[in-house]
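Asks: Got a structure for you, questions after.
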Amino acid sequence: DSIIPKNGIEKAFNHYLQGTSGREMIQPISGGYYVSKRSEQNILPVSGKDVVTTINIEFQDAAESSLRERLMETKALWGTVILMEVETGEIKAIANLHRSKDSTAYTDSRNHAIVSEIVPGSTFKLASYISLLEDGLINLTDTVDTKNGVVSLVEDFKIRDTKRGGYGKISFGDAFVVSSNVAVSKVINEQYKSDPNKFYNNLKKYHLTDPLELQLPYKSSMIVRKPGDKLWSGTTLPSMSYGYEMHISPLQILNFYNAIANNGKMVSPKLVSAIKDETGVIKSFPTNVLSERICSEETIKSITPYLEQVVSNQRENWTTDIINGTAKNIFTTEYSIAGKTGTVKNEFWEWNKKTKYNRTYTASFVGFFPVEKPKYSCIVVVHEFVDTTDNNHYGGVVAAPVFRDIADKVFAFDSEVEHRVLNNENSENKERINSEVIKNEDEITNNMINEVQVDIKKGIVPNLMGLSLMDVLYVLENSEIVFEFEGQGKVVSQSVKKGTEIDKSKIIKISLSS
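At position 458 of the sequence shown (counting the first as 1) the number is 454 in our numbering, and the numbers step up by one without a gap.
Here is the structure:
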(Lines of atoms letter the chains of each structure in order from A and count residues from 1; the text may use other names and numbers.)
(Lines give C-alpha, C1' and ligand atoms only; values in the text may rest on other atoms or scores of the structure.)
Protein backbone atom coordinates (compact mmCIF):
# COMPACT_ATOMS: atom_id res chain seq x y z
CA ASP A 1 0.00 0.00 0.00
CA SER A 2 1.26 3.46 -0.85
CA ILE A 3 1.79 6.02 1.88
CA ILE A 4 -0.36 9.11 1.39
CA PRO A 5 1.33 12.30 2.66
CA LYS A 6 -0.75 14.41 5.04
CA ASN A 7 0.48 17.89 4.15
CA GLY A 8 2.97 20.11 2.37
CA ILE A 9 4.56 19.69 -1.03
CA GLU A 10 4.41 15.91 -0.68
CA LYS A 11 0.62 15.99 -0.43
CA ALA A 12 0.08 18.61 -3.15
CA PHE A 13 2.32 16.85 -5.66
CA ASN A 14 1.87 13.24 -4.54
CA HIS A 15 0.41 12.21 -7.90
CA TYR A 16 3.76 13.14 -9.47
CA LEU A 17 5.97 11.76 -6.71
CA GLN A 18 4.43 8.35 -6.06
CA GLY A 19 4.91 6.78 -9.50
CA THR A 20 3.12 3.56 -10.43
CA SER A 21 3.53 0.14 -8.83
CA GLY A 22 4.58 -2.79 -11.00
CA ARG A 23 3.56 -6.44 -11.05
CA GLU A 24 5.68 -9.53 -11.53
CA MET A 25 4.66 -13.19 -11.84
CA ILE A 26 6.84 -15.58 -9.82
CA GLN A 27 7.07 -19.32 -9.43
CA PRO A 28 8.33 -21.43 -6.53
CA ILE A 29 11.48 -23.52 -6.77
CA SER A 30 13.14 -25.97 -4.41
CA GLY A 31 14.38 -24.69 -1.10
CA GLY A 32 11.41 -22.39 -0.61
CA TYR A 33 12.69 -19.78 -3.03
CA TYR A 34 10.92 -17.93 -5.84
CA VAL A 35 12.10 -16.83 -9.27
CA SER A 36 10.65 -14.45 -11.82
CA LYS A 37 8.42 -15.89 -14.45
CA ARG A 38 8.04 -14.48 -17.92
CA SER A 39 4.48 -13.43 -18.45
CA GLU A 40 2.43 -10.96 -20.44
CA GLN A 41 0.85 -10.05 -17.12
CA ASN A 42 4.14 -8.61 -15.81
CA ILE A 43 4.08 -4.80 -15.54
CA LEU A 44 7.22 -2.75 -14.99
CA PRO A 45 7.02 -0.14 -12.19
CA VAL A 46 7.20 3.51 -13.16
CA SER A 47 9.40 5.73 -11.02
CA GLY A 48 7.93 8.88 -9.53
CA LYS A 49 8.83 12.27 -10.92
CA ASP A 50 11.14 14.79 -9.30
CA VAL A 51 9.57 17.92 -7.86
CA VAL A 52 11.91 20.89 -8.21
CA THR A 53 11.41 23.40 -5.41
CA THR A 54 12.37 27.06 -5.38
CA ILE A 55 14.25 26.76 -2.07
CA ASN A 56 17.87 27.91 -1.95
CA ILE A 57 19.76 25.67 0.50
CA GLU A 58 22.16 28.37 1.70
CA PHE A 59 19.34 30.83 2.28
CA GLN A 60 17.26 28.15 4.02
CA ASP A 61 20.11 27.34 6.40
CA ALA A 62 20.57 31.03 7.15
CA ALA A 63 16.86 31.52 7.85
CA GLU A 64 16.58 28.50 10.14
CA SER A 65 19.74 29.21 12.15
CA SER A 66 18.97 32.92 12.65
CA LEU A 67 15.37 32.23 13.64
CA ARG A 68 16.27 29.38 15.99
CA GLU A 69 18.81 31.55 17.80
CA ARG A 70 16.26 34.32 18.37
CA LEU A 71 13.56 31.88 19.53
CA MET A 72 15.94 30.33 22.04
CA GLU A 73 16.73 33.81 23.38
CA THR A 74 13.11 34.94 23.69
CA LYS A 75 11.60 31.53 24.55
CA ALA A 76 8.79 32.35 22.11
CA LEU A 77 6.12 29.79 21.27
CA TRP A 78 6.93 29.81 17.56
CA GLY A 79 8.52 31.81 14.79
CA THR A 80 8.61 31.93 11.02
CA VAL A 81 10.75 33.42 8.27
CA ILE A 82 9.89 33.66 4.58
CA LEU A 83 12.32 34.93 1.95
CA MET A 84 10.79 35.61 -1.47
CA GLU A 85 12.21 36.67 -4.82
CA VAL A 86 10.44 39.90 -5.74
CA GLU A 87 9.88 39.51 -9.48
CA THR A 88 8.98 35.82 -9.59
CA GLY A 89 7.34 35.19 -6.20
CA GLU A 90 9.66 32.20 -5.73
CA ILE A 91 10.09 31.34 -2.06
CA LYS A 92 13.82 30.95 -1.50
CA ALA A 93 13.60 30.11 2.20
CA ILE A 94 10.76 29.25 4.56
CA ALA A 95 11.53 28.41 8.18
CA ASN A 96 8.87 27.35 10.71
CA LEU A 97 9.96 26.50 14.24
CA HIS A 98 7.67 25.60 17.16
CA ARG A 99 8.65 25.13 20.80
CA SER A 100 8.52 21.52 21.96
CA LYS A 101 6.19 20.47 24.78
CA ASP A 102 9.09 20.17 27.22
CA SER A 103 10.42 23.58 26.05
CA THR A 104 13.86 22.15 25.32
CA ALA A 105 13.95 22.51 21.55
CA TYR A 106 12.32 23.99 18.46
CA THR A 107 11.07 21.76 15.67
CA ASP A 108 9.38 22.18 12.29
CA SER A 109 5.99 20.82 13.36
CA ARG A 110 3.57 23.32 11.78
CA ASN A 111 3.61 25.53 8.70
CA HIS A 112 3.11 28.79 10.60
CA ALA A 113 4.05 30.90 7.58
CA ILE A 114 0.88 29.83 5.78
CA VAL A 115 -1.66 28.51 8.30
CA SER A 116 -1.03 30.54 11.46
CA GLU A 117 -2.97 33.77 11.05
CA ILE A 118 -1.68 36.50 13.34
CA VAL A 119 -2.72 39.99 14.36
CA PRO A 120 -0.31 41.88 12.06
CA GLY A 121 -0.12 45.09 14.05
CA SER A 122 1.82 47.98 12.55
CA THR A 123 3.03 46.08 9.49
CA PHE A 124 -0.54 46.57 8.23
CA LYS A 125 -0.18 50.36 8.35
CA LEU A 126 1.34 50.30 4.87
CA ALA A 127 -2.03 49.17 3.47
CA SER A 128 -3.76 52.03 5.30
CA TYR A 129 -1.29 54.58 3.97
CA ILE A 130 -1.53 53.31 0.40
CA SER A 131 -5.33 53.38 0.57
CA LEU A 132 -5.29 57.04 1.66
CA LEU A 133 -2.70 58.03 -0.95
CA GLU A 134 -4.50 56.21 -3.76
CA ASP A 135 -7.77 57.93 -2.87
CA GLY A 136 -6.02 61.30 -2.74
CA LEU A 137 -7.17 61.92 0.82
CA ILE A 138 -3.84 63.06 2.32
CA ASN A 139 -0.25 63.92 1.45
CA LEU A 140 2.70 62.50 3.35
CA THR A 141 3.87 66.05 4.10
CA ASP A 142 0.54 67.02 5.70
CA THR A 143 0.64 67.63 9.45
CA VAL A 144 -1.29 65.41 11.86
CA ASP A 145 -1.73 66.36 15.51
CA THR A 146 -1.08 63.29 17.66
CA LYS A 147 -1.35 65.49 20.79
CA ASN A 148 0.02 63.65 23.84
CA GLY A 149 -0.05 60.23 22.16
CA VAL A 150 -3.53 59.21 23.32
CA VAL A 151 -6.80 59.62 21.43
CA SER A 152 -10.38 58.43 22.01
CA LEU A 153 -12.14 58.09 18.68
CA VAL A 154 -14.89 56.02 20.27
CA GLU A 155 -16.13 56.39 23.85
CA ASP A 156 -14.08 54.34 26.34
CA PHE A 157 -11.73 53.18 23.56
CA LYS A 158 -8.27 54.73 23.77
CA ILE A 159 -5.60 54.43 21.10
CA ARG A 160 -2.04 55.05 22.28
CA ASP A 161 1.39 55.62 20.82
CA THR A 162 4.33 53.80 22.37
CA LYS A 163 6.18 57.06 23.05
CA ARG A 164 5.05 58.61 26.31
CA GLY A 165 3.84 62.13 25.74
CA GLY A 166 3.24 61.43 22.05
CA TYR A 167 4.75 63.11 19.00
CA GLY A 168 2.61 66.23 18.98
CA LYS A 169 2.25 67.73 15.52
CA ILE A 170 4.06 65.57 13.01
CA SER A 171 4.01 65.00 9.27
CA PHE A 172 1.96 62.00 8.19
CA GLY A 173 5.07 60.52 6.57
CA ASP A 174 7.14 60.84 9.74
CA ALA A 175 4.23 59.28 11.63
CA PHE A 176 4.81 56.16 9.53
CA VAL A 177 8.53 56.13 10.35
CA VAL A 178 7.89 56.28 14.11
CA SER A 179 4.82 54.02 13.79
CA SER A 180 2.22 56.31 15.32
CA ASN A 181 -1.06 54.50 15.99
CA VAL A 182 -2.77 57.78 16.81
CA ALA A 183 -1.90 59.43 13.48
CA VAL A 184 -3.03 56.61 11.20
CA SER A 185 -6.20 55.80 13.18
CA LYS A 186 -7.27 59.46 13.27
CA VAL A 187 -6.85 59.93 9.53
CA ILE A 188 -8.41 56.60 8.53
CA ASN A 189 -11.37 57.22 10.83
CA GLU A 190 -11.87 60.78 9.56
CA GLN A 191 -11.68 59.82 5.88
CA TYR A 192 -13.54 56.50 5.80
CA LYS A 193 -15.96 56.59 8.74
CA SER A 194 -18.85 57.67 6.50
CA ASP A 195 -18.03 55.01 3.90
CA PRO A 196 -15.95 52.17 5.42
CA ASN A 197 -16.70 49.98 2.39
CA LYS A 198 -14.36 52.19 0.40
CA PHE A 199 -11.49 51.24 2.71
CA TYR A 200 -12.48 47.56 2.70
CA ASN A 201 -12.67 47.47 -1.10
CA ASN A 202 -9.18 48.93 -1.30
CA LEU A 203 -7.91 46.13 0.96
CA LYS A 204 -9.66 43.65 -1.31
CA LYS A 205 -7.83 45.16 -4.29
CA TYR A 206 -4.57 44.59 -2.41
CA HIS A 207 -5.54 40.89 -1.92
CA LEU A 208 -5.70 41.32 1.86
CA THR A 209 -9.29 40.17 2.46
CA ASP A 210 -9.32 36.66 0.96
CA PRO A 211 -6.95 33.69 1.30
CA LEU A 212 -4.17 33.43 -1.25
CA GLU A 213 -4.28 30.72 -3.90
CA LEU A 214 -1.17 28.62 -3.35
CA GLN A 215 0.41 25.51 -4.80
CA LEU A 216 -0.11 23.80 -1.44
CA PRO A 217 -3.49 22.86 0.05
CA TYR A 218 -4.17 24.68 3.32
CA LYS A 219 -7.04 25.69 5.53
CA SER A 220 -7.32 29.42 6.13
CA SER A 221 -8.73 31.00 9.28
CA MET A 222 -8.02 34.58 8.24
CA ILE A 223 -10.26 37.32 9.57
CA VAL A 224 -10.59 40.74 7.95
CA ARG A 225 -13.87 42.29 9.02
CA LYS A 226 -16.27 43.72 6.46
CA PRO A 227 -18.68 46.60 7.11
CA GLY A 228 -22.02 45.05 7.99
CA ASP A 229 -20.51 41.98 9.70
CA LYS A 230 -21.99 41.13 13.10
CA LEU A 231 -18.74 41.98 14.85
CA TRP A 232 -18.21 45.28 13.02
CA SER A 233 -18.36 48.13 15.54
CA GLY A 234 -17.22 51.71 16.01
CA THR A 235 -13.78 50.49 17.05
CA THR A 236 -13.21 48.27 14.02
CA LEU A 237 -12.17 50.85 11.41
CA PRO A 238 -9.61 52.70 13.57
CA SER A 239 -8.32 49.37 14.93
CA MET A 240 -7.88 47.94 11.45
CA SER A 241 -5.85 51.00 10.44
CA TYR A 242 -2.94 49.77 12.56
CA GLY A 243 -3.49 46.03 12.12
CA TYR A 244 -5.82 45.00 14.96
CA GLU A 245 -9.24 43.28 14.87
CA MET A 246 -7.93 41.01 12.10
CA HIS A 247 -5.91 37.82 11.59
CA ILE A 248 -3.71 37.35 8.51
CA SER A 249 -0.97 34.84 7.69
CA PRO A 250 2.66 36.00 7.56
CA LEU A 251 2.83 34.93 3.90
CA GLN A 252 -0.13 37.14 2.97
CA ILE A 253 1.48 40.16 4.65
CA LEU A 254 4.75 39.45 2.85
CA ASN A 255 3.02 39.07 -0.50
CA PHE A 256 1.55 42.56 -0.13
CA TYR A 257 4.96 44.09 0.60
CA ASN A 258 6.44 42.08 -2.24
CA ALA A 259 4.00 43.78 -4.62
CA ILE A 260 5.17 47.20 -3.43
CA ALA A 261 8.77 46.12 -4.01
CA ASN A 262 7.71 44.88 -7.46
CA ASN A 263 6.43 48.35 -8.42
CA GLY A 264 2.81 47.42 -7.78
CA LYS A 265 2.74 44.08 -9.58
CA MET A 266 1.44 41.28 -7.36
CA VAL A 267 2.47 37.70 -8.10
CA SER A 268 1.53 34.46 -6.36
CA PRO A 269 4.04 32.93 -3.95
CA LYS A 270 5.65 29.88 -5.54
CA LEU A 271 7.33 26.88 -3.88
CA VAL A 272 7.59 24.51 -6.86
CA SER A 273 9.15 25.59 -10.14
CA ALA A 274 9.05 22.39 -12.21
CA ILE A 275 8.40 18.64 -12.48
CA LYS A 276 11.18 16.49 -13.97
CA ASP A 277 11.69 12.91 -15.01
CA GLU A 278 14.66 11.11 -16.54
CA THR A 279 14.11 12.95 -19.84
CA GLY A 280 14.11 16.43 -18.33
CA VAL A 281 11.46 19.01 -17.43
CA ILE A 282 7.95 17.75 -18.22
CA LYS A 283 6.02 20.58 -16.56
CA SER A 284 7.04 24.05 -15.47
CA PHE A 285 5.19 26.56 -13.33
CA PRO A 286 5.53 30.10 -14.66
CA THR A 287 5.05 33.17 -12.50
CA ASN A 288 1.36 33.70 -11.81
CA VAL A 289 0.35 37.37 -11.87
CA LEU A 290 -2.49 38.15 -9.46
CA SER A 291 -2.63 41.83 -10.40
CA GLU A 292 -0.60 43.87 -12.86
CA ARG A 293 -0.88 46.86 -10.55
CA ILE A 294 -2.39 47.10 -7.07
CA CYS A 295 -1.57 50.80 -6.78
CA SER A 296 -0.01 53.60 -8.79
CA GLU A 297 3.70 54.03 -9.40
CA GLU A 298 3.39 57.55 -7.96
CA THR A 299 2.11 56.18 -4.65
CA ILE A 300 4.94 53.64 -4.45
CA LYS A 301 7.55 56.30 -5.18
CA SER A 302 6.14 58.54 -2.47
CA ILE A 303 5.89 55.90 0.30
CA THR A 304 9.13 53.97 -0.38
CA PRO A 305 11.46 56.64 1.11
CA TYR A 306 9.51 56.41 4.36
CA LEU A 307 9.78 52.62 4.34
CA GLU A 308 13.52 53.09 3.98
CA GLN A 309 13.62 55.69 6.76
CA VAL A 310 12.14 53.12 9.14
CA VAL A 311 15.63 51.61 8.97
CA SER A 312 17.87 54.56 8.09
CA ASN A 313 16.26 57.62 9.64
CA GLN A 314 17.92 59.54 12.44
CA ARG A 315 17.35 63.09 11.23
CA GLU A 316 16.36 65.93 13.49
CA ASN A 317 12.77 66.99 12.92
CA TRP A 318 12.36 69.66 15.55
CA THR A 319 14.41 71.23 18.29
CA THR A 320 13.33 68.95 21.13
CA ASP A 321 13.28 65.51 19.57
CA ILE A 322 14.63 63.28 16.84
CA ILE A 323 12.62 61.18 14.42
CA ASN A 324 14.20 57.75 14.69
CA GLY A 325 13.12 54.83 12.54
CA THR A 326 11.74 51.94 14.59
CA ALA A 327 14.31 49.58 13.00
CA LYS A 328 17.26 51.98 12.86
CA ASN A 329 19.36 49.37 14.69
CA ILE A 330 19.63 47.24 11.52
CA PHE A 331 20.86 50.06 9.27
CA THR A 332 23.89 49.17 7.13
CA THR A 333 25.97 51.07 4.60
CA GLU A 334 26.48 47.89 2.56
CA TYR A 335 23.00 47.91 1.02
CA SER A 336 19.63 49.58 1.56
CA ILE A 337 16.63 48.10 3.38
CA ALA A 338 13.02 49.26 3.34
CA GLY A 339 10.42 47.83 5.69
CA LYS A 340 8.10 48.13 8.66
CA THR A 341 8.10 46.88 12.22
CA GLY A 342 5.15 45.35 14.01
CA THR A 343 4.58 44.84 17.74
CA VAL A 344 1.41 43.25 19.09
CA LYS A 345 0.27 42.73 22.67
CA ASN A 346 -1.49 39.42 23.20
CA GLU A 347 -3.56 39.83 26.36
CA PHE A 348 -5.76 37.13 27.85
CA TRP A 349 -7.12 35.65 31.07
CA GLU A 350 -6.41 32.12 32.26
CA TRP A 351 -9.15 30.46 34.30
CA ASN A 352 -7.44 28.01 36.60
CA LYS A 353 -7.78 27.65 40.34
CA LYS A 354 -6.99 31.34 40.38
CA THR A 355 -7.78 33.84 37.66
CA LYS A 356 -4.49 34.87 36.09
CA TYR A 357 -3.88 37.72 33.65
CA ASN A 358 -1.22 37.13 31.00
CA ARG A 359 0.47 39.30 28.42
CA THR A 360 2.70 38.05 25.65
CA TYR A 361 3.97 39.74 22.51
CA THR A 362 4.29 39.12 18.80
CA ALA A 363 7.15 40.94 17.09
CA SER A 364 7.59 41.19 13.33
CA PHE A 365 9.52 42.92 10.60
CA VAL A 366 8.73 42.81 6.89
CA GLY A 367 10.57 44.53 4.07
CA PHE A 368 12.70 44.26 0.95
CA PHE A 369 16.23 44.94 -0.31
CA PRO A 370 18.07 46.55 -2.00
CA VAL A 371 15.65 49.48 -2.17
CA GLU A 372 16.91 50.86 -5.50
CA LYS A 373 16.06 47.67 -7.38
CA PRO A 374 14.57 45.12 -4.96
CA LYS A 375 15.63 41.50 -5.43
CA TYR A 376 14.21 39.93 -2.26
CA SER A 377 11.40 40.53 0.21
CA CYS A 378 11.34 38.92 3.64
CA ILE A 379 9.19 38.66 6.76
CA VAL A 380 10.21 37.59 10.26
CA VAL A 381 7.62 36.80 12.94
CA VAL A 382 8.43 35.86 16.55
CA HIS A 383 5.17 34.88 18.24
CA GLU A 384 4.03 34.75 21.85
CA PHE A 385 6.94 35.57 24.11
CA VAL A 386 7.14 37.29 27.49
CA ASP A 387 9.13 40.48 28.04
CA THR A 388 10.15 40.81 31.67
CA THR A 389 11.90 44.15 31.09
CA ASP A 390 8.95 45.77 29.27
CA ASN A 391 11.39 47.24 26.75
CA ASN A 392 12.62 44.34 24.62
CA HIS A 393 9.44 43.23 22.87
CA TYR A 394 9.37 45.59 19.89
CA GLY A 395 9.56 44.41 16.30
CA GLY A 396 12.68 46.49 15.72
CA VAL A 397 14.46 44.83 18.65
CA VAL A 398 13.26 41.22 18.32
CA ALA A 399 12.45 40.52 14.65
CA ALA A 400 14.39 43.10 12.61
CA PRO A 401 17.87 41.79 13.58
CA VAL A 402 16.88 38.35 12.25
CA PHE A 403 15.91 40.01 8.96
CA ARG A 404 19.26 41.82 8.84
CA ASP A 405 21.23 38.65 9.62
CA ILE A 406 19.50 36.76 6.80
CA ALA A 407 19.85 39.69 4.39
CA ASP A 408 23.58 39.91 5.16
CA LYS A 409 24.02 36.26 4.24
CA VAL A 410 21.95 36.67 1.08
CA PHE A 411 24.08 39.70 0.16
CA ALA A 412 27.21 37.57 0.62
CA PHE A 413 25.89 34.59 -1.37
CA ASP A 414 24.03 36.36 -4.19
CA SER A 415 26.35 38.47 -6.34
CA GLU A 416 23.36 39.95 -8.20
CA VAL A 417 22.22 41.80 -5.07
CA GLU A 418 25.64 43.44 -4.77
CA HIS A 419 25.59 44.10 -8.51
CA ARG A 420 22.26 45.93 -8.20
CA VAL A 421 23.63 48.05 -5.35
CA LEU A 422 26.80 48.88 -7.27
CA ASN A 423 24.86 49.67 -10.44
CA ASN A 424 22.73 52.14 -8.52
CA GLU A 425 25.81 53.78 -7.02
CA ASN A 426 27.39 53.93 -10.46
CA SER A 427 24.34 55.64 -11.96
CA GLU A 428 24.27 58.12 -9.08
CA ASN A 429 27.91 58.92 -9.68
CA LYS A 430 27.31 59.36 -13.41
CA GLU A 431 24.60 61.89 -12.58
CA ARG A 432 26.95 63.65 -10.22
CA ILE A 433 29.63 63.88 -12.90
CA ASN A 434 27.22 65.08 -15.58
CA SER A 435 25.72 67.74 -13.32
CA GLU A 436 29.14 69.21 -12.61
CA VAL A 437 30.35 69.48 -16.20
CA ILE A 438 29.70 73.22 -16.18
CA LYS A 439 32.20 73.66 -13.34
CA ASN A 440 35.94 73.89 -13.74
CA GLU A 441 37.03 70.35 -14.67
CA ASP A 442 40.42 70.62 -13.00
CA GLU A 443 38.80 71.73 -9.74
CA ILE A 444 36.40 68.79 -9.83
CA THR A 445 39.20 66.30 -10.48
CA ASN A 446 41.38 67.73 -7.70
CA ASN A 447 38.51 67.51 -5.21
CA MET A 448 37.79 63.91 -6.22
CA ILE A 449 41.47 62.97 -5.92
CA ASN A 450 41.63 64.55 -2.45
CA GLU A 451 38.59 62.50 -1.38
CA VAL A 452 40.22 59.31 -2.68
CA GLN A 453 43.48 60.00 -0.85
CA VAL A 454 41.64 60.64 2.42
CA ASP A 455 39.77 57.32 2.09
CA ILE A 456 42.97 55.40 1.35
CA LYS A 457 44.58 56.80 4.50
CA LYS A 458 41.55 55.57 6.44
CA GLY A 459 42.07 52.08 5.00
CA ILE A 460 38.82 52.02 3.05
CA VAL A 461 38.11 51.56 -0.65
CA PRO A 462 37.69 55.00 -2.26
CA ASN A 463 35.12 56.20 -4.78
CA LEU A 464 36.94 56.10 -8.13
CA MET A 465 33.96 57.18 -10.22
CA GLY A 466 34.70 59.91 -12.76
CA LEU A 467 38.48 59.65 -12.55
CA SER A 468 40.63 59.08 -15.62
CA LEU A 469 43.00 56.12 -15.79
CA MET A 470 45.95 58.47 -15.22
CA ASP A 471 44.26 59.83 -12.09
CA VAL A 472 43.59 56.30 -10.82
CA LEU A 473 47.22 55.29 -11.39
CA TYR A 474 48.35 58.43 -9.57
CA VAL A 475 46.22 57.99 -6.44
CA LEU A 476 46.63 54.21 -6.15
CA GLU A 477 50.35 54.07 -6.94
CA ASN A 478 51.54 53.82 -3.34
CA SER A 479 48.45 52.14 -1.87
CA GLU A 480 47.83 48.46 -1.13
CA ILE A 481 44.95 48.34 -3.60
CA VAL A 482 45.32 45.96 -6.55
CA PHE A 483 43.14 46.72 -9.57
CA GLU A 484 42.41 45.70 -13.14
CA PHE A 485 40.80 47.93 -15.74
CA GLU A 486 39.06 47.76 -19.10
CA GLY A 487 37.95 50.45 -21.53
CA GLN A 488 38.98 54.04 -22.08
CA GLY A 489 37.90 57.39 -20.69
CA LYS A 490 36.68 57.79 -17.11
CA VAL A 491 35.71 55.25 -14.46
CA VAL A 492 32.02 54.34 -14.66
CA SER A 493 31.98 51.26 -12.40
CA GLN A 494 34.07 49.53 -9.75
CA SER A 495 33.61 45.97 -8.51
CA VAL A 496 34.23 46.66 -4.81
CA LYS A 497 31.90 49.08 -3.08
CA LYS A 498 33.27 52.36 -1.76
CA GLY A 499 33.64 52.50 2.01
CA THR A 500 34.53 48.82 2.47
CA GLU A 501 37.77 47.89 4.21
CA ILE A 502 40.74 47.51 1.86
CA ASP A 503 41.57 43.84 1.27
CA LYS A 504 45.04 43.35 -0.25
CA SER A 505 44.02 39.93 -1.56
CA LYS A 506 41.02 41.26 -3.47
CA ILE A 507 41.36 42.70 -6.97
CA ILE A 508 39.18 45.69 -7.79
CA LYS A 509 37.93 45.64 -11.37
CA ILE A 510 37.17 49.05 -12.85
CA SER A 511 35.49 49.90 -16.14
CA LEU A 512 36.16 53.07 -18.08
CA SER A 513 34.02 54.73 -20.73
CA SER A 514 34.37 57.96 -22.66
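Where a beta carbon is used, it is the ideal one built from N, C-alpha and C, also for glycine.
#1: Is the CB-CB distance between E130 and C374 below 8 Å?
#2: Could you check if R66 is buried or exposed, using at least 16 other CB atoms within 10 Å of its CB as the buried criterion?
#3: Buried or exposed for S522, going by 16 or more other Cβ atoms inside 10 Å?
#4: Going by the beta-carbon positions, is the gap between I319 and T119 smaller than 8 Å?
#5: Is the segment 5 to 16 touching the segment 45 to 65, taking contact as three or more C-beta pairs under 8 Å?
#6: Tell me whether the beta-carbon of N177 lies closer than 8 Å to the beta-carbon of Y238.
#7: Where in the segment 209 to 293 do unbroken runs of the beta strand (DSSP E), each at least 3 residues long, occur, reported from the N-terminal end onward?
#8: Looking only at C-alpha atoms, which of S360, E414, N92 and D138 sits nearest to V393?
#9: May I ask which residues mark the beginning and end of the alpha helix (DSSP H) holding V111?
#10: Rounded to whole angstroms, what is the Cα-Cα separation between S96 and H389?
#11: Cβ of N52 within 8 Å of Cβ of K88?
#12: What three-state label does DSSP hand H11 in the structure shown?
#13: Measure the C-alpha to C-alpha separation of R416 and E482 and round it to an integer number of angstroms.
#14: Helix, strand or coil: how does DSSP classify F381 here?
#15: Within a Cβ cutoff of 6 Å, which residues of the same chain sit near T316, ignoring the five residues on either side of it in sequence?
#16: Taking just the CA atoms, how far does D206 sit from D98?
#17: Specify, as a first and last residue, the run of the alpha helix (DSSP H) that N513 falls within.
#18: What are the boundary residues of the alpha helix (DSSP H) that includes G391?
#19: Tell me which residues share the same chain as K189 and place their Cβ nearer than 7 Å to its Cβ, disregarding the 5 neighbours each side in the sequence.
#20: Please classify I39: is it buried, with 16 or more other beta-carbons within 10 angstroms of its beta-carbon, or exposed?
#21: Give me, in chain order, the residues of the same chain whose beta-carbon lies closer than 8 Å to that of D273; leave out the 5 immediate sequence neighbours on both sides.
#22: Can you have a look at R19 and say buried or exposed, based on whether 16 or more other CB atoms are within 10 angstroms of its CB?
Replies: So, from the data block:
#1: no
#2: buried
#3: The shown model of the chain, from -3 to 510, leaves out residue 522, and the question about it has no answer.
#4: no
#5: yes
#6: yes
#7: 268 to 273, 276 to 280 and 285 to 287
#8: S360
#9: H108 to V111
#10: 22 Å
#11: yes
#12: helix
#13: 20 Å
#14: strand
#15: For T316, the pLDDT reaches just 46, beneath the cut-off of 50, and the residue's location in the model is therefore unreliable, leaving the point undetermined.
#16: 36 Å
#17: Examination of residue 513 is not possible in this model, given that the chain is present from -3 through 510 alone.
#18: G391 to V394
#19: L233
#20: exposed
#21: S43, K45 and D46
#22: exposed
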